[in-house]
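A.B. asks: Handing you a structure now.
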Amino acid sequence: MNMTNTFYFDLVDNLYEGVYFVDKNQVITTWNKRAEAITGYKRDEVVGSQCSDNILRHLDKFNNEICISGCPLHQTLTDGKLREAELFLHHKDGHRVPVKIRISPMYDENNTICGASEIFFDLSKTLDIITLYSNTTSIDLRDTLTGLGNSLMLEMYYNKVKTSIDLDGLMYGYILCDIDDLNTINTIHGKDFGTKCIEIVAKNLKNLIREFDIAFRIDGGTFIVIVENITFDELEFISERIRFFTEKSWMSAYDSSIFYFSLSAGACMVSKHATQEETHNCATALLRQSKAKGKNTITCSK
Numbered sequence: 060m061n062m063t064n065t066f067y068f069d070l071v072d073n074l075y076e077g078v079y080f081v082d083k084n085q086v087i088t089t090w091n092k093r094a095e096a097i098t099g100y101k102r103d104e105v106v107g108s109q110c111s112d113n114i115l116r117h118l119d120k121f122n123n124e125i126c127i128s129g130c131p132l133h134q135t136l137t138d139g140k141l142r143e144a145e146l147f148l149h150h151k152d153g154h155r156v157p158v159k160i161r162i163s164p165m166y167d168e169n170n171t172i173c174g175a176s177e178i179f180f181d182l183s184k185t186l187d188i189i190t191l192y193s194n195t196t197s198i199d200l201r202d203t204l205t206g207l208g209n210s211l212m213l214e215m216y217y218n219k220v221k222t223s224i225d226l227d228g229l230m231y232g233y234i235l236c237d238i239d240d241l242n243t244i245n246t247i248h249g250k251d252f253g254t255k256c257i258e259i260v261a262k263n264l265k266n267l268i269r270e271f272d273i274a275f276r277i278d279g280g281t282f283i284v285i286v287e288n289i290t291f292d293e294l295e296f297i298s299e300r301i302r303f304f305t306e307k308s309w310m311s312a313y314d315s316s317i318f319y320f321s322l323s324a325g326a327c328m329v330s331k332h333a334t335q336e337e338t339h340n341c342a343t344a345l346l347r348q349s350k351a352k353g354k355n356t357i358t359c360s361k
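Everything in the sequence shown is counted per my numbering, starting at 60 for the first residue and increasing by one.
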């Protein structure tokens, strides 16, 4: 069988994994259909550009922008070594998507490195806690806009938290997040634009939290995250990660400029004897401190 370039292109284009190739100068030359599906970027939007040109802009789990702090594609193009990593890429809609990447060098007929390939796998969760709860009741437990838990789900889940603390001694954290200046964003750019900001934060939360943690949207641009089996230091780290990933998310404004926004958060450990209202009031006071500090910040308390 004659293996033509068309054959290989069709083979790559129909893989389940996202795949793209770059040349020696890190210019993207190939972008398959699955890469389009995972990132939201169509082939003609990325082919011919460099991988660092405000497209994927990977972040690692320590909040490092690896395009700046040590690009694995560049390293492989330099030394020819295979590399793997779990990162968060930037989706065209603005949120972050968790992926596992595998980078391999490509060689020409002289056995000289002429480019590299990156294969990436979507690590987004397909089953969450809300689905498990929804299977036991006819009550709608999801926020209709974002798919996160709603206030009824929050009430049900907090009862589980209290039981778990009493019986198992697990420690829980309670993070209250609020998009900064959402009313101003709605006034200047329109409510549809503000809604996109809400959706970006919701998708980031879905992709950032662990499988046994849960996020809720309770009103406007206000969200709650309950994290399980956690220390105070870990609570601080996760809260900062949420803030940082929001700061590093962006979307195109109507005039084609890049639009950034931020959120603030207040986070506290869940006390054994505290009601949900008491815990929420604690986080609310901390959130107010974050806003008073100038916004785009977090305040945590034990």
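Yeah, the Cβ is synthetic: ideal placement off N, Cα and C, and Gly gets one too.
My assumption, with CB atoms under 8 Å, is that L182 sits in contact with K159. Please give the rounded CB distance.
C.D. replies: If you number the sequence shown from 1, residue 182 lands on position 123. If you number the sequence shown from 1, residue 159 lands on position 100. The pair is a contact, with the Cβ atoms about 6 Å apart (cut-off 8 Å).
A.B. asks: If you draw a straight line from the C-alpha of I125 to the C-alpha of N84, how long is it?
C.D. replies: As a working mapping, residue 125 is identified with position 66 in the sequence shown. As a working mapping, residue 84 is identified with position 25 in the sequence shown. I125 and N84: Cα-Cα distance of roughly 17 Å.
A.B. asks: Mind checking who T281 pairs with in its DSSP beta bridge?
C.D. replies: Position 222 of the sequence shown, counted from the first residue, corresponds to residue 281. According to DSSP, T281 bridges with D237, D278.
A.B. asks: Q109 by DSSP, collapsed to three states: which one?
C.D. replies: Position 50 of the sequence shown holds residue 109. In the structure shown, Q109 sits in a strand (DSSP, three-state: E or B).
A.B. asks: Report the CB separation of E258 from T190 in whole angstroms; it is logged as a contact under 8 Å.
C.D. replies: What you label residue 258 is simply residue 199 of the sequence shown in a count that begins at 1. What you label residue 190 is simply residue 131 of the sequence shown in a count that begins at 1. In fact, because the Cβ distance is near 19 Å, the residues do not count as touching under 8 Å.
A.B. asks: Using only CA atoms, which one of C110, G232, C256 lies nearest to A274?
C.D. replies: As a working note, residue 274 is residue 215 in the sequence shown. Among C110, G232, C256, the Cα nearest to that of A274 belongs to G232.
A.B. asks: On the three-state DSSP scale, how would you describe F271?
C.D. replies: One-based indexing of the sequence shown puts residue 271 at position 212. If DSSP states are grouped into helix, strand and coil, F271 belongs with coil.
A.B. asks: Under 8 Å: do the segment 236-251 and the segment 134-143 share three or more Cβ pairs, one atom per stretch?
C.D. replies: Because the criterion of three Cβ pairs below 8 Å is not met, the segment 236-251 and the segment 134-143 do not touch.
A.B. asks: What runs of the alpha helix (DSSP H), each 4 residues or longer, lie entirely inside the segment 77-123?
C.D. replies: Fully enclosed alpha helix (DSSP H) runs of 4 or longer: 92-98, 102-105.
A.B. asks: Look at the Cβ atom of H154, then the Cβ atom of L115, and state whether they are nearer than 7 Å.
C.D. replies: Taking the first residue of the sequence shown as 1, we reach residue 154 at position 95. Taking the first residue of the sequence shown as 1, we reach residue 115 at position 56. The answer is no: Cβ separation not under 7 Å.
A.B. asks: Starting from the C-beta of T281, find all residues in its chain whose C-beta is less than 6 Å away, skip the five residues before and the five after it, and write them out in chain order.
C.D. replies: Here residue 281 refers to the residue found at position 222 when the sequence shown is read from its first residue. Excluding sequence neighbours, T281 sits near D237.
A.B. asks: Going by the beta-carbon positions, is the gap between I87 and V81 smaller than 7 Å?
C.D. replies: Here residue 87 refers to the residue found at position 28 of the sequence shown. Here residue 81 refers to the residue found at position 22 of the sequence shown. Result yes, Cβ atoms of I87 and V81 sit closer than 7 Å.
A.B. asks: On the DSSP bridge assignment, give the partners of F318 in chain order.
C.D. replies: As a first step, residue 318 is located in the sequence shown; it is residue number 259 there, counting from the start. DSSP output for F318 lists M310 as bridge partner(s).
A.B. asks: Should R393 be labelled buried (16 or more other beta-carbon atoms within 10 Å of its own) or exposed?
C.D. replies: Nothing can be reported for residue 393, as the shown portion of the chain is limited to 60 through 361.
A.B. asks: Apart from the five residues on each side of it in sequence, which residues of its chain come closer than 7 Å, Cβ to Cβ, to N194?
C.D. replies: On the sequence shown, residue 194 is found 135 positions in, with the first residue counted as 1. Once the five neighbours on either side are set aside, N194 has no close Cβ partner at all.
A.B. asks: Taking only three categories from DSSP, how would you classify S183?
C.D. replies: Residue numbering aside, residue 183 sits at position 124 when the sequence shown is read from its first letter. Residue state, collapsed to three classes: coil.
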